[in-house]
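Novice: Taken in order, these protein sequences are the chains called A and B. When we follow numbering that gives the first Met the number 0, the leftmost residue of the first sequence carries the number 0, and every step to the right adds one. When we follow numbering that gives the first Met the number 0, the leftmost residue of the second sequence carries the number 0, and every step to the right adds one. Would you mind keeping the following structure in view while I ask a few things?
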Amino acid sequence: MNKRKIGNQGEQLAQNHLIANGFVIETQNHYTPYGEIDLIGLKDGTLYFVEVKFRRTATFGTAREAVTQKKKQSMKASAAHYLKTMTKRYVPFKISYLGVTATESHIEFDFIENIFE
Amino acid sequence: MYSKIKSAVVVGLKGSVIEIETQISRGMPYHVIVGLPSQVIRESKDRVKSALKESGIRFPDDRITQNMFPAHIKKEGAHLDLPIAMGIMCCMMEPHVDLKEIGFIGELSLEGRIRPVTGVLSLIEGFVEDGIHQIVMPIQNLHEVSGMKNIEVFAYDDLNALLKAVEYGQMEALSVEDAIVDQPVLHKMDFNEVIGQNQAIRAIEISAVGNHNLLLVGPPGCGKTMIAERLRTVLPPLSNEKHLESAKVYSLLGERATAHERPFHAPHHSITRASMIGGTNALIPGIVTRAHNGVLFLDEILEFKNEVLQSLREPISNKSVLLTRNHQSVEFPCDFQLIATMNPCPCGNHMAKDLDCTCNDFEIKRYLNKLSGAILDRFDMLVFMDRVELRDVTEKNRSYNSNLISERISKALEFKRHLETQGTEVEMDGETNANLMRYYNSGKLSMRGHSKLFEIARSIALLEGMETINRKCLSEAIAYQGFHRLKHNL
């Protein structure tokens, strides 16, 4: 299994979790010049740009720690690019994080609505 | 999740209590400390994180905001590591002790050990003033608090052990009396090594009774430094109160104060003003404050930079020094006895009995002018020392030893205390007072010199065990007033 496949598996889990929580998935793996947006979901009129982190173990640092300052900045730029090019009017939005930790026995989701708060 | 931990910081020599509030909320990992922290404290974030992880605790992957109250005091010192860590921990667990009543101090190592800190005594004093009598501190600082009253000390050297004790409410106070007390220091020097120079040794003895500032003048090689260095062998031990004062200074500097021995400092003449008086941005006490309750010995005083000597003026007369930097003022005590040595001229033989001086008047004058009148006036006693007489050398005339002198000094001080408890003061008899007035009238004394002369005469009387100062005491005291002779005939 390569990295992309692991990633896809995580994103699939994440997508299901979001849908179960009332999100409508707009786009998956949207590419911008500033980087990739894993998931874009809509809920109650607010766009959520979601960064998905998938982990099988916490041995190599937690999933939350993997979101560096640089990643945060690129997510901001990507989100702005998406809003500029894909929407016609202002839409309220949030940049979110969804950590998925899947061990053999159970799956854990860790959703943070606004990573800049 | 919210917690509040008490700690303290030092401003000058005074400790003041601060509160560390911690709030942990869900969010991306982020740790911020607000409330005027210094660079050291910002760095402590990383130490705390590592120490907690090494102690087997999951460091929260959340937003941690910590605030130090009151916000206007600059928080300095690595001793805030432990309270910062405790703040985070107490957010995550249910402590079974009353945190409001406990003050925390300690530095953390990356592996979770609690390291010794500086300024413990000032910090504890701050806690006690604020009504906090239970203190958690590093075990290696325990010896400093020996003999302190009305505090309960919990000393740990391991963060894990401390956390468990706090969680289960099983903190055990250590007895402060059990702390190891330093052994008295044995001196290698003794006054019985000095041949001759009885007058100078006598002067040293008198100066030790009344803390008089003493200037030894003489040709090179006559024993000025030798005698001055041996003063420390006869100094009376510090009282508990004064020892605590000095220990506070040393604790702040991270040094260990030695038992009840008086401090004795002999800085090299290349010393700068900041290290002499104290200062730099952190407002660290200088040599004068380290010599508090002890002796400051300036060997070859004329070689010191003029600005250094001039800056000693106020510390000598006020017995304290007020330092001001960056809108912050602190006052350090500096009640020291000043002992200095110098040559009377560049070649050193001016005024010596059987040595020829090769300097001309102008050279001597210029040499002596390095010592301003103001500094000279602050010396209470001046002793001219000459080459040791042949008779003394051949007979190896050693008339004093340190034990004898130190016994006499302690006896004189005891007598002084005895008189104080009786409420009587040493007074001058009428005839002697008239003599003193006559001497003052001759124009050789300043007002300060007048009162100092009286004090020296009193010290002599105390040494003799007399309640009144008689003519003999006064004339001996006047014999130590050789200042006008220094520049005589120039």
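Beta carbons are placed, not taken as given, at the ideal position from N, Cα and C, and that holds for glycine.
Any idea if residue 355 (chain B) is buried or exposed, counting beta-carbon neighbours within 10 angstroms, 16 or more meaning buried?
Specialist: For the purposes of this step, residue 355 (chain B) is taken as residue 356 along the second sequence, with counting starting at 1. That one is exposed.
Novice: In the DSSP output, what is residue 15 (chain B) paired with across the bridge?
Specialist: By one-based count along the second sequence, residue 15 (chain B) stands at place 16. Bridge partners of residue 15 (chain B): B:8.
Novice: Between which two residues does the alpha helix (DSSP H) containing residue 54 (chain B) stretch?
Specialist: By 1-based counting over the second sequence, the position of residue 54 (chain B) is 55. Premise fails: residue 54 (chain B) is in no alpha helix (DSSP H) and is neither H nor E.
Novice: What is the residue span of the alpha helix (DSSP H) that residue 126 (chain B) lies within?
Specialist: Stepping through the second sequence from its first residue, residue 126 (chain B) is reached at position 127. It spans 119-128 - the alpha helix (DSSP H) in which residue 126 (chain B) sits, taken as one unbroken run.
Novice: Using a Cβ-Cβ cut-off of less than 8 Å, give me the residues of the stretch 19-32 of chain B that come near chain A, in sequence order.
Specialist: So the close ones are 25, 26, 27 and 28.
Novice: Under three-state DSSP, which class holds residue 37 (chain B)?
Specialist: For this step, residue 37 (chain B) is matched to residue 38 along the second sequence. The answer is coil: DSSP assigns residue 37 (chain B) none of H, G, I, E or B.
Novice: Which of the three DSSP states, helix, strand or coil, is assigned to residue 427 (chain B)?
Specialist: Your numbering for residue 427 (chain B) matches position 428 in the second sequence. In this structure, residue 427 (chain B) counts as strand in the three-state DSSP scheme.
Novice: For the candidate residues A:75, A:101 and A:46, whose alpha-carbon lies nearest to that of residue 115 (chain A)?
Specialist: As a position in the first sequence, residue 115 (chain A) is number 116, starting the count at 1. Measuring from the Cα of residue 115 (chain A), the nearest candidate turns out to be A:75.
Novice: Please list the residues of the stretch 68-102 of chain B that have a C-beta atom closer than 9 Å to any C-beta atom in chain A, keeping them in chain order.
Specialist: From the stretch 68-102 of chain B, no residue has a Cβ closer than 9 Å to chain A.
Novice: If residue 397 (chain B) sits next to residue 191 (chain B), beta carbons under 8 Å apart, how far is it from one beta carbon to the other, in whole angstroms?
Specialist: By one-based count along the second sequence, residue 397 (chain B) stands at place 398. By one-based count along the second sequence, residue 191 (chain B) stands at place 192. So it is a contact: roughly 5 Å between Cβ atoms.
Novice: Counting only the same chain and skipping the five closest in sequence on each side, list residues whose C-beta sits under 7 Å from that of residue 455 (chain B).
Specialist: Taking the first residue of the second sequence as 1, we reach residue 455 (chain B) at position 456. Excluding residues within five positions, the ones whose Cβ falls inside 7 Å are 205, 209, 211, 379, 380, 476 and 479.
Novice: Which residues, in order along the stretch 54-72 of chain A, keep a beta-carbon less than 9 Å from a beta-carbon of chain B?
Specialist: So the close ones are 61, 62, 63, 64, 66 and 71.
Novice: Within 10 angstroms of the Cβ of residue 109 (chain B), are there 16 or more other Cβ atoms? Answer buried if so, exposed if not.
Specialist: The residue labelled residue 109 (chain B) in the question sits at position 110 within the second sequence. Under this definition residue 109 (chain B) is an exposed residue.
Novice: Give the interface partners of residue 298 (chain B) over in chain A, defined as CB-CB distance under 8 Å, in chain order.
Specialist: In the second sequence, counting from the first residue as 1, residue 298 (chain B) sits at position 299. Residues of chain A passing the Cβ test: none, with the nearest at roughly 57 Å.
Novice: Can you give me, in chain order, the residues of the stretch 42-66 of chain B that have a beta carbon less than 7 Å from any beta carbon in chain A?
Specialist: Answer set for the stretch 42-66 of chain B: 60.
Novice: Hey, is residue 111 (chain A)'s beta-carbon within less than 7 Å of any beta-carbon in chain B?
Specialist: For the purposes of this step, residue 111 (chain A) is identified with residue 112 of the first sequence, where counting begins at 1. Closer than 7 Å: yes.
Novice: Once the 5 residues before and after residue 97 (chain A) are set aside, which same chain residues still bring their CB inside 6 Å of it?
Specialist: Working through the first sequence from its first residue, we reach residue 97 (chain A) at position 98. Cβ within range, chain order: 13, 49, 51 and 110.
Novice: State yes or no: is the beta carbon of residue 116 (chain A) nearer than 7 Å to at least one beta carbon in chain B?
Specialist: Within the first sequence, residue 116 (chain A) is the residue found at index 117, counting from 1. Residue 116 (chain A) counts as touching chain B.
Novice: Which residues in the same chain as residue 383 (chain B) place their Cβ atom closer than 7 Å to its Cβ, once the five residues preceding and following it in sequence are excluded?
Specialist: Walking along the second sequence from the start, residue 383 (chain B) turns up at place 384. Taken in chain order, the residues that qualify are 216, 217, 350 and 481.
Novice: If you run the structure through DSSP and keep just helix, strand and coil, what is residue 363 (chain B)?
Specialist: Taking the second sequence and counting its residues from 1, one reaches residue 363 (chain B) at position 364. In this structure, residue 363 (chain B) counts as helix in the three-state DSSP scheme.
Novice: Output the residue ranges of the alpha helix (DSSP H) runs that lie fully inside the stretch 187-272 of chain B and measure 4 residues or longer, sorted by chain position.
Specialist: You should have 197-209, 223-228 and 239-251.
Novice: My guess is that residue 285 (chain B) and residue 278 (chain B) are in contact by the Cβ rule of under 8 Å, so how many angstroms apart are they, rounded?
Specialist: For the purposes of this step, residue 285 (chain B) is taken as residue 286 along the second sequence, with counting starting at 1. For the purposes of this step, residue 278 (chain B) is taken as residue 279 along the second sequence, with counting starting at 1. Yes, residue 285 (chain B) and residue 278 (chain B) are in contact; Cβ-Cβ is about 7 Å, under 8 Å.
Novice: Flag this pair as yes or no: are the beta carbons of residue 129 (chain B) and residue 10 (chain B) separated by less than 7 Å?
Specialist: Residue mapping note: residue 129 (chain B) aligns to position 130 of the second sequence, counting from 1. Residue mapping note: residue 10 (chain B) aligns to position 11 of the second sequence, counting from 1. No, they are not a contact pair.
Novice: Return the residues of the stretch 80-108 of chain A that lie within a Cβ-Cβ distance of less than 8 Å from chain B, sorted by chain order.
Specialist: The stretch 80-108 of chain A vs chain B, Cβ under 8 Å: 96.
Novice: Can you name, in chain order, every residue of its own chain whose Cβ lies under 7 Å from the Cβ of residue 32 (chain A), other than the five neighbours on each side?
Specialist: Taking the first sequence and counting its residues from 1, the one referred to as residue 32 (chain A) is at position 33. Excluding sequence neighbours, residue 32 (chain A) sits near 80.
Novice: Is the beta carbon of residue 82 (chain B) sitting closer than 7 Å to the one on residue 115 (chain B)?
Specialist: Residue numbering aside, residue 82 (chain B) sits at position 83 when the second sequence is read from its first letter. Residue numbering aside, residue 115 (chain B) sits at position 116 when the second sequence is read from its first letter. No.
Novice: Between which two residues does the alpha helix (DSSP H) carrying residue 15 (chain A) extend?
Specialist: To locate residue 15 (chain A), count along the first sequence from 1; it is residue 16. Element bounds for residue 15 (chain A): 2-19.
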